[in-house]
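Notes to accompany the following structure.
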Amino acid sequence: MGVVAHSGCWASGDRRAVIVTSYCTGAPNGKNVGVPGYSYDFVVQLFAPLIKSWGKLLVVSREELPQAVAQMRARGYTPVHLSFLPLQDVCFADDAPNIVVPAWEYPDVPNHVFDGNPQNNWVETARRCDALVVGGPFTADAFQRAGVRTPIQIVQVPTPDAYFQIPLWRSDVVTTINCCGLTFRTPTVWDGSEETASSSGGPRSSRFSLKSIRKALCAAYRRSLKRTPLHRFCLAAKGACDGGLTAWRAARTCSDATTATTGACSQAELSGVVYTSIFNPPDYRKNWGDLLTGFLWALRDCEDATLVLKVIDPNWVGRVYEGYRRSGIPHRCKVVVVGDFLTEEQLLELARATTYYVTTTRAEGNCLPLLNYLAAGRPGISPCHTAIGDYFDRDVGFVVDSHPEPTAFPHDSRFRKTTTWHRLVWTSLVEEIRRSYEMAKYDRAAYDRLARRAREKMRGWNSMESVGPRLWEALDSVVSTEDVGENAAIPQEDDCRRDLAAAA
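Position 189, counted from 1, in the sequence shown is what numbering that gives the first Met the number 0 calls 188; the numbers after and before it change by one each time, with no gaps.
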């Protein structure tokens, strides 16, 4: 499988350019990961190979858009402006067709002005667009119900081919990923405001104050984040609070020497039944508290079960630890919190080690990690609501019950409850996690069938091969063949003022 060349009128003599605007956070290169809108830049990166099969790609900031359009016109190109932004932040080109690609996770669309921004009325703003490109029927239906009459094309965000090529999960494989992680594994004895803990390696035990540990760990963690990259947290924490960390060490079972000393490790070793979730903790849609407590409760007696929490914003690793500590759930299963930025190869390694992808999100416009893991043949554990319901069901994973409840649009500073997201049924989450574990352990044939169905469904839903023609059709729809010049061959890639990599 690979990126298929556009089969329409794109040829060496055509002069078509796609000018892409986004937040330009640099997130795909590890910069500003977790800031508002960072995920749009990952979407641009995923679409880039398909865009290049249709025409020249130029990625610019919103402020540079008018100049970029004029430059492309001057060089003989017919430009199309493709904006990967929510409608309230879109900048429109005056001399090129405008296609907007908004991600949207709510059944309602803002239809009035608020916060002093006229573009917060999405219905009116959409009328200024030549076309909208959305990720699935859920979003298309929301816009149409709101009265949007602009042409809407459904073009799923593509999943890289590499995920489709990952072998199916094997229970006997141990995977080591070179990244900093915090590992939590406690014995089953907890004692209210204080804890009694013993290492599984012997009878040694200690009694300590959670308040003192929390204070020491938080202080060390803040200093380590301020002065050093996250992967050096181990050294900073050890020098700051050896006493508290020694007690914390006794509360966990650790196989790595560095982990046993500091509470953090330079490698994450994954084996057994592995559950993975990738999320940004400050985003309250992600509902990671339910995820953590649901896993701990469901598999508290399973020593070979591991939950990997890949935290997008490393500044929140301490808060995730605090959420874990406050849960007070005794368990033998393991939780690994990873705050490092992971390269594409590391992300693929994490997918190889994973048995299931799990999310407890309240609302989603795409949920890219779930899409990737389904393509990798890793069944999901997820609610079936908002845009997730476009592609997720019991044929590809375990469905967690949920019900709508009132909420506000994320960019509405008034916090008025004008739409809905979903509240998960926590007991259903626990039941589905337990069922998934039992399938992986005791019914491998059923697990493999689920995994293969997940991969095949994604192959038709959002593989590069299936998405390409849909994107090219959307671009073709706003450009007539008469508008495309045929006088000269297109310049080489280095003739562009900025390409995708430089912009990121």
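Glycine included, each C-beta is placed from N, C-alpha and C at the ideal position.
Values in this document were obtained by computation on a predicted structure and should not be read as measured data.
- Bridge partners of Ile387 according to DSSP: none are assigned.
- When beta bridges are read from the DSSP output, Glu404 appears opposite Trp420.
- Here the C-alpha atom of Gly180 lies approximately 10 Å from the C-alpha atom of Val334.
- Below 8 Å, too few C-beta pairs join the region 394-409 and the region 326-341 to call them touching: fewer than three.
- Partner residues in the beta bridge of Ile151, as assigned by DSSP, are Leu131.
- Taking Tyr76 as the centre and dropping the five residues before and after it, the same chain places the C-beta of Arg14, Ala16 closer than 6 Å to its C-beta, in chain order.
- Under the DSSP assignment, Tyr356 falls in the beta strand (DSSP E) whose first and last residues are 355-357.
- Membership of Val337 in the beta strand (DSSP E) is indicated by the continuous run 333-337.
- Secondary structure at Ala16: strand, using DSSP grouped into helix, strand and coil.
- Spatial neighbours of Leu49 in its own chain (CB-CB distance under 8 Å, excluding positions within 5 residues in sequence) are listed in chain order as Val2, Pro157, Met463, Val466, Gly467, Leu470, Trp471.
- For Pro136, the uninterrupted alpha helix (DSSP H) run begins and ends at 136-144, by DSSP.
- Around the beta carbon of Ala73, fewer than 16 other beta carbons lie within 10 angstroms, which makes this residue exposed.
- The beta-carbon separation of Val357 and Val337, rounded to 15 Å, does not stay under the 8 Å limit for a contact.
- Put simply, the region 84-97 touches the region 117-135. At least three CB pairs are less than 8 Å apart.
- Secondary-structure assignment with DSSP links His80 through a beta bridge to Ile18, Asn97.
- Using a Cβ-Cβ distance cut-off of 8 Å, the region 351-368 and the region 155-169 are in contact, since at least three pairs of beta carbons, one from each stretch, lie closer than that value.
- Taking the Cα of Ala304 as reference, the smallest distance to any Cα among Gly317, Phe183, Pro403 is reached at Phe183.
- The alpha-carbon separation between Ala473 and Cys383 amounts to approximately 28 Å.
- Cβ atoms of Ala145 and Asn110 come within 8 Å of each other, at about 6 Å.
- If you compare the alpha carbons of Asp129, Asp93, Val172, Ser38 with that of Gln152, the shortest gap goes to Asp129.
- In this structure, the beta-carbon distance from Cys178 to Gln345 falls below 8 Å.
- According to the DSSP assignment, Ile50 belongs to the alpha helix (DSSP H) that extends over 37-51.
- Under the three-state reduction of DSSP output, Leu349 falls in the helix class.
- According to DSSP, Thr426 shares a beta bridge with no other residue.
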